[in-house]
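Chains A and B, in that order, give the protein sequences. Sequential numbering from 26 applies to the first sequence in our numbering. Sequential numbering from 3 applies to the second sequence in our numbering. Have a look at the structure below, then the notes.
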Amino acid sequence: DGGITQSPKYLFRKEGQNVTLSCEQNLNHDAMYWYRQDPGQGLRLIYYSQIVNDFQKGDIAEGYSVSREKKESFPLTVTSAQKNPTAFYLCASSRAQETQYFGPGTRLLVL
Amino acid sequence: QKEVEQNSGPLSVPEGAIASLNCTYSDRVSQSFFWYRQYSGKSPELIMSIYSNGDKEDGRFTAQLNKASQYVSLLIRDSQPSDSATYLCAVPGDSNYQLIWGAGTKLIIKP
């Protein structure tokens, strides 16, 4: 089955800790995205990547980092510099100017 | 910076009635528009995309686009309790790969 997978479903972070969220797609899409969603809010773009080994900051990139070493994978690291990381994190992929498809999401909570 | 605006709601509609959701956007040159549905705790899923003025119908859903007035609407006929969700509107950003998202309208269908 083609689709986007994210893991883990829930992630707990201790203060000062870096954590990495996984996103994998087998849709052969060039572009991948990371969004953050806070309760009752819309989607805010963290980072996006149009091709392998290239990525751009979105509206709220501070405290986050990404890599795009393979077309299928776009992991997001939430660093200790992100002081308010509790949110629902969504990964998406698309072809240019076409529909974005979403993974099931990762809910990050701070201990 | 393009902007997309939606009434946050909640919009309460009786079961069997027509639900009407609206979205306005700031950029006159936008060519494509997307409606996504997001159930509580889940990721967004595409309902409809529309690219030209007029109506596009898919089952109980109709998207209406008016480029001159810069709004796009989504009508849901014969509303069902399972339609209760948040509906997100999106338009392309300055990059070929980006979407600009509205904050979403929460729809509640009352049995």
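We treat Cβ as the ideally placed atom computed from N, Cα and C, and that holds for glycine. All values derive from a computational prediction rather than experimental measurement.
Anything in chain A within Cβ reach of residue i, meaning under 8 Å, just list it in chain order.
{"i": "Gly104 (chain B)", "result": "Gly67"}
{"i": "Leu90 (chain B)", "result": "Gly67, Leu68"}
For residue i, count neighbouring Cβ atoms within 10 angstroms of its own Cβ and tell me buried if that reaches 16, exposed if not.
{"i": "Gln62 (chain A)", "result": "buried"}
{"i": "Leu101 (chain A)", "result": "buried"}
{"i": "Ala121 (chain A)", "result": "exposed"}
{"i": "Pro46 (chain B)", "result": "buried"}
{"i": "Gln50 (chain A)", "result": "buried"}
{"i": "Lys108 (chain B)", "result": "buried"}
{"i": "Ala70 (chain B)", "result": "exposed"}
{"i": "Ala117 (chain A)", "result": "buried"}
{"i": "Ser32 (chain B)", "result": "buried"}
{"i": "Gln6 (chain A)", "result": "The structure shown does not extend to residue 6 (chain A), since chain A is modelled only from 26 to 136, so the question has no answer here."}
{"i": "Gln125 (chain A)", "result": "buried"}
{"i": "Pro113 (chain B)", "result": "exposed"}
{"i": "Ser14 (chain B)", "result": "exposed"}
{"i": "Ser97 (chain B)", "result": "exposed"}
{"i": "Ala200 (chain A)", "result": "Lying before the first or after the last residue shown, residue 200 (chain A) is absent from chain A, which here runs from 26 to 136."}
{"i": "Pro94 (chain B)", "result": "buried"}
Closer than 9 Å by beta-carbon distance: list the chain B residues that pair up with residue i, in chain order.
{"i": "Pro129 (chain A)", "result": "Lys44, Ser45"}
{"i": "Ala112 (chain A)", "result": "Near Ala112 (chain A) there are no residues of chain B at all, since even the closest Cβ is about 13 Å away, more than 9 Å."}
{"i": "Leu115 (chain A)", "result": "Ser45, Pro46"}
Under 8 Å Cβ-Cβ, which residues of chain B neighbour residue i?
{"i": "Thr124 (chain A)", "result": "Phe36, Leu48, Ser51"}
{"i": "Ser119 (chain A)", "result": "Tyr99"}
Can you list the residues of chain B that residue i reaches, using a CB-CB cut of under 7 Å?
{"i": "Gln75 (chain A)", "result": "Tyr99"}
{"i": "Ala56 (chain A)", "result": "Tyr99"}
When DSSP builds the beta bridges, which residues end up paired with residue i?
{"i": "Arg39 (chain B)", "result": "B:Glu47, B:Tyr89"}
{"i": "Arg132 (chain A)", "result": "A:Tyr35, A:Phe113"}
{"i": "Glu59 (chain B)", "result": "B:Thr64"}
{"i": "Ala56 (chain A)", "result": "A:Ser119"}
{"i": "Val44 (chain A)", "result": "A:Val103"}
{"i": "Arg61 (chain A)", "result": "A:Arg69, A:Tyr114"}
{"i": "Thr26 (chain B)", "result": "B:Glu7, B:Tyr73"}
{"i": "Gly124 (chain A)", "result": "Strictly speaking, residue 124 (chain A) in this sequence is Thr, with Gly absent from that position. DSSP lists no partner for Thr124 (chain A)."}
{"i": "Lys95 (chain A)", "result": "A:Ser98"}
{"i": "Tyr53 (chain B)", "result": "None; Tyr53 (chain B) has no bridge partner."}
{"i": "Ala21 (chain B)", "result": "B:Ile78"}
For this session: Count the C-beta pairs between the segment 46 to 61 of chain A and the segment 106 to 114 of chain A that are closer than 8 Å, then say yes if the count reaches three, no if not.
Result: With the rule of 3 Cβ pairs closer than 8 Å, the segment 46 to 61 of chain A counts as touching the segment 106 to 114 of chain A.
Exercise. Below 8 Å, can you find three or more Cβ-Cβ pairs linking the segment 128 to 136 of chain A to the segment 47 to 63 of chain B?
Worked result: no
Exercise. Taking contact to mean at least 3 C-beta pairs separated by less than 8 Å, is the segment 80 to 98 of chain B in contact with the segment 15 to 33 of chain B?
Worked result: yes
Exercise. Are the segment 84 to 102 of chain A and the segment 60 to 79 of chain B touching by the rule of at least three beta carbon pairs closer than 8 Å?
Worked result: No, they do not touch.
Exercise. Does the segment 32 to 44 of chain B come close enough to the segment 84 to 104 of chain B that 3 or more CB-CB pairs lie under 8 Å?
Worked result: yes
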